[in-house]
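Taking it in order: structure first as structure tokens, then the write-up.
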Amino acid sequence: MTFNSLVEDLVNAQLTQRQETQGLGMVPIVIEQSGRGERAYDIYSRLLREHVIFLVGPVMDQSANLIVAQLLFLESENPDKDISFYINSPGGSVSAGLAIYDTMQFIKPAVSTLCLGIAASMGAFLLAAGTKGKRFALPNARIMIHQPSGGAQGQAADIEIHARE
């Protein structure tokens with residue numbers, strides 16, 4: 001299995017997840033013609049070739065793994081070309097979001113982030129993680145940032161240490 005076929009499988013898995021999450025029955029197909037003939041792509045694969053990736057829906061381990069793989073793949077294809085990251089997410093898992101964040105900071109290409117719809121909680125965090133000067137929101141997009149939530153239990157000294165952190 002080649003690296004490209006692995007990424008194609010990951011993209012297809014992400015599309016399946018999107019269809020299940022959004023209730024979509026059909027993903028548009030784009031047909032490209034070249035000197036070697038015609039080739040059909042699902043719209044998300046075609047956009048991936050243009051260094052465009054999406055986070056649609058909650059931030060979960062599965063979606064984070066796919067986005068991390070796409071970021072690493074796009075860096076390997078062209079480390080000098082910016083990546084556009086479109087976000088429409090109500091937030092989700094902190095650990096999954098931090099995996100995406102760490103990868104965005106680790107790779108060489110600039111990551112331009114754009115909110116369409118909503119970027120709430122971890123979605124807003126990822127929106128803010130884009131390269132300085134390349135963070136955008138569409139006119140009717142909504143961004144929601146909240147205080148971190150958490151809890152502590154145990155001995156009073158442990159709770160005090162946790163509160164200071």
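Going by my numbering, the sequence shown opens with residue 1, and the numbers climb by one from there.
Beta carbons: idealized from backbone N, C-alpha and C, even for Gly.
The segment 99 to 109 touching the segment 134 to 142, judged by at least three CB pairs closer than 8 Å = no
query = Below 8 Å, can you find three or more Cβ-Cβ pairs linking the segment 118 to 135 to the segment 149 to 164?
reply = Put simply, the segment 118 to 135 does not touch the segment 149 to 164. Fewer than three CB pairs are less than 8 Å apart.
task = Check whether the Cβ atoms of Ala119 and Val59 sit closer than 7 Å, and answer yes or no.
result = As a first step, residue 119 must be located in the sequence shown, where it is residue number 119. As a first step, residue 59 must be located in the sequence shown, where it is residue number 59. No, Cβ-Cβ distance for Ala119 and Val59 is not below 7 Å.
inquiry  = Could you compute how far the alpha carbon of Ile67 sits from the alpha carbon of Ser121?
reply    = For this step, residue 67 is matched to residue 67 along the sequence shown. For this step, residue 121 is matched to residue 121 along the sequence shown. Distance between the alpha carbons of Ile67 and Ser121: 18 Å.
query = Expressed to the nearest angstrom, what Euclidean distance is found between the alpha-carbon atoms of Ser112 and Ile87?
reply = Against the sequence shown, residue 112 aligns to sequence position 112. Against the sequence shown, residue 87 aligns to sequence position 87. Computed Cα separation, rounded: 11 Å.
query = Hey, quick one: how far does the beta strand (DSSP E) through Ser93 stretch, first residue to last?
reply = Start at 1 with the first residue of the sequence shown, and residue 93 comes out as number 93. Premise fails: Ser93 is in no beta strand (DSSP E) and is neither H nor E.
The beta strand (DSSP E) enclosing Gly35, as first and last residue numbers = Numbered from its first residue, the sequence shown carries residue 35 at position 35. Note, Gly35: premise wrong, no beta strand (DSSP E); not H, not E.
message = So for Thr103, helix, strand or coil by DSSP?
response = One-based indexing of the sequence shown puts residue 103 at position 103. Residue state, collapsed to three classes: helix.
task = Give the C-beta separation of Ser84 and Leu114 to the nearest angstrom, bearing in mind that I take them to be a contact with Cβ-Cβ under 8 Å.
result = By 1-based counting over the sequence shown, the position of residue 84 is 84. By 1-based counting over the sequence shown, the position of residue 114 is 114. Going by Cβ atoms, the distance from Ser84 to Leu114 rounds to 7 Å, so yes, they are a contact pair.
query = How far does the beta strand (DSSP E) with Met60 in it reach, from first residue to last?
reply = Position 60 of the sequence shown, counted from the first residue, corresponds to residue 60. Element bounds for Met60: n/a, residue is neither H nor E.
request  = Use the C-beta contact count for Gln70: other C-beta atoms within 10 angstroms, 16 or more gives buried, fewer gives exposed.
outcome  = Indexing the sequence shown from 1 puts residue 70 at position 70. Buried.
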